[in-house]
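Here this note's numbering is used: the first residue of the sequence shown is 37, the next is one more, and so on.
Notes for the one structure printed next.
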Amino acid sequence: GAPLVQPPARNPSRGHDKEPALPSSPSSSQLATSPFTKPSSKRPVCAPVIAMAELLRSQIKGTTLARAKAEDVPDIKKMVTAAYSKYVERMGKPPAPMVADYDQLLQTCDIFVLRTDEADKHVGSIVLSVESDSDAVQINNLVVDPAAQGRGFGRALIGCAEDLARAKGRTALTLYTNVKMYENFGLYAKMGFEEIDRRTEAGYQRVYFRKELAQ
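Printed below as a string of structure tokens:
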């Protein structure tokens, strides 16, 4: 993400949890050490969020949005590597999404993949989670294949998160990104997100954003 105008800070832990809060594993120790998990006294940090139909209708013609399965993990990793590798030198280490265990995250978070119907090719993915006492669904990670960027896929995935949040009775979306991924800050602002906090977690300097949803 990239920097936005910083409104009055609130406690982001109520709106969203960790960095792309992709859950690590069902055990609290694994969750505590996940690159997407912020240290917290609450466990589990990530819990399955939304029960919904296996296949979702995408907002973009010619694409299909579906709940991710184990066989989708290799393509998710490829997209993450392609999208985040450019930040390794800038950050001095791999970004959290590059070292996350997506097989474990499938067990604790809601992961969806976006495919093109014609080529049956993955072009994006989103990881969602929520705490039981939170009023928001957290976007733990959103990735679009660099070769498919600029076609509205990112906005479609955000739209999916908004629909799921409303279905779950939540009133907001939250997300966070590394402070050095500043290119994204303006994109989040255009989609209605406001910066609410900055802090260091698990060795990553993170910027937190929140978007209130119209009901």
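Glycine residues also receive a C-beta, built at the ideal position from the N, C-alpha and C atoms.
None of these values were measured; they are calculated from a predicted model.
(1) Give me the DSSP bridge partner(s) of K247.
(2) When the Cα atoms are used, what is the spatial distance from T117 to R202?
(3) Does the Cβ of P110 have 16 or more other Cβ atoms within 10 Å, making it buried, or fewer, making it exposed?
(4) At which residue ranges does the segment 144-223 contain complete alpha helix (DSSP H) runs of 4 or more residues, listed in the order of the chain?
(5) Can you give me the Cβ contacts of G195 inside the same chain, cut-off strictly under 7 Å, excluding the 5 residues immediately before and after it?
(6) Of the residues G205, Y138, D233, which one's Cα is nearest the Cα of D171?
(7) Can you have a look at V135 and say buried or exposed, based on whether 16 or more other CB atoms are within 10 angstroms of its CB?
(8) In terms of residue numbering, what span does the beta strand (DSSP E) encompassing A102 cover?
(9) At which residues does the beta strand (DSSP E) containing I96 begin and terminate?
(10) With a cut-off of 8 Å on the beta carbons, I'd call T207 and R151 a contact; round off their distance for me.
(11) Going by the CB atoms, is the gap between V180 and F189 shorter than 7 Å?
(12) My guess is that E231 and V243 are in contact by the Cβ rule of under 8 Å, so how many angstroms apart are they, rounded?
(13) Quick one: Cα of E198 to Cα of V124, how far?
(14) Looking at F221 and K247, is the spacing between their C-beta atoms short of 7 Å?
(15) Cutting at 6 Å between CB atoms, please list the residues of its own chain near Y138, excluding the five before and the five after it.
(16) So what does DSSP say about D233, is it helix, strand or coil?
Put simply:
(1) Numbered from 1 along the sequence shown, position 211 holds the residue referred to as residue 247. Partner(s): L209.
(2) The sequence position of residue 117 within the sequence shown is 81, counting from 1. The sequence position of residue 202 within the sequence shown is 166, counting from 1. Straight-line Cα distance between these residues: approximately 31 Å.
(3) Your numbering for residue 110 matches position 74 in the sequence shown. It is exposed - the Cβ of P110 has fewer than 16 other Cβ atoms within 10 Å.
(4) 189-203
(5) Position 159 of the sequence shown, counted from the start, is the residue given in the question as residue 195. Answer for G195: Q95, listed in chain order.
(6) Position 135 of the sequence shown, counted from the start, is the residue given in the question as residue 171. Ranking G205, Y138, D233 by Cα distance to D171 puts G205 first.
(7) Residue numbering aside, residue 135 sits at position 99 when the sequence shown is read from its first letter. That one is exposed.
(8) In the sequence shown, counting from the first residue as 1, residue 102 sits at position 66. First-last of the beta strand (DSSP E) with A102: 99-103.
(9) As a working mapping, residue 96 is identified with position 60 in the sequence shown. No beta strand (DSSP E) holds I96; DSSP gives it neither H nor E.
(10) As a position in the sequence shown, residue 207 is number 171, starting the count at 1. As a position in the sequence shown, residue 151 is number 115, starting the count at 1. Actually they do not touch by this definition, with Cβ atoms about 30 Å apart.
(11) Position 153 of the sequence shown, counted from the first residue, corresponds to residue 189. Position 144 of the sequence shown, counted from the first residue, corresponds to residue 180. It is a contact, given that the beta carbons lie within the stated cut-off.
(12) For the purposes of this step, residue 231 is identified with residue 195 of the sequence shown, where counting begins at 1. For the purposes of this step, residue 243 is identified with residue 207 of the sequence shown, where counting begins at 1. Yes, E231 and V243 are in contact; Cβ-Cβ is about 6 Å, under 8 Å.
(13) The count along the sequence shown starts at 1 and reaches residue 198 at position 162. The count along the sequence shown starts at 1 and reaches residue 124 at position 88. Roughly 30 Å between the two C-alpha positions.
(14) Indexing the sequence shown from 1 puts residue 247 at position 211. Indexing the sequence shown from 1 puts residue 221 at position 185. No, the pair does not count as a contact, with Cβ atoms beyond the cut-off.
(15) Along the sequence shown, one-based indexing puts residue 138 at 102. Closer than 6 Å at the Cβ level, and outside the excluded window around Y138, lie V109, I112.
(16) Translated into positions along the sequence shown, residue 233 becomes position 197. D233: strand per DSSP, three-state reduction.
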